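In my numbering, the protein residues as written are -3 to 70. C-beta: ideal position from N, C-alpha, C; glycine also. All of these numbers come straight from a predicted model, not from anything done at the bench. Worksheet: the structure to be examined is printed underneath.
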């Protein structure tokens, strides 16, 4: 007898800004920087950070100031 998985409510959002890191430790380092952490709304997983609405450009600028070269996908 197979067990049917329970249903999970899911929210779908359009036009969000995510920061995806190659390693979980890099996400930790980004969140440790107060100037960038204030722009992050939530940590969705080990490697994904959700940026606050209307803060995408500020997050990109801060990543560049930190020496990162973010790849922008639109």
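Determine the extent of the alpha helix (DSSP H) in which residue i is found, giving its start and end residues.
i, result
"residue 37", "Element bounds for residue 37: not the alpha helix (DSSP H) but the beta strand (DSSP E), 36 to 39."
Using three-state DSSP, classify residue i as helix, strand or coil.
i, result
"residue 59", "helix"
"residue 65", "coil"
"residue 26", "helix"
What does the alpha-carbon distance come out to for the pair residue i and residue j?
i, j, result
"residue 46", "residue 31", "15 Å"
"residue 17", "residue 24", "10 Å"
"residue 9", "residue 49", "11 Å"
Starting from residue i and walking both ways along the beta strand (DSSP E), at which residues does that stretch end?
i, result
"residue 46", "44 to 47"
"residue 14", "13 to 16"
Within 10 Å of its beta-carbon, does residue i have 16 or more other beta-carbons around it, so buried, or fewer, so exposed?
i, result
"residue 26", "buried"
"residue 35", "buried"
"residue 55", "buried"
Which residue wins for smallest C-alpha separation from residue i, given the options the options?
i, options, result
"residue 21", "69, 62, 43 and 67", "43"
"residue 53", "15, 40 and 38", "15"
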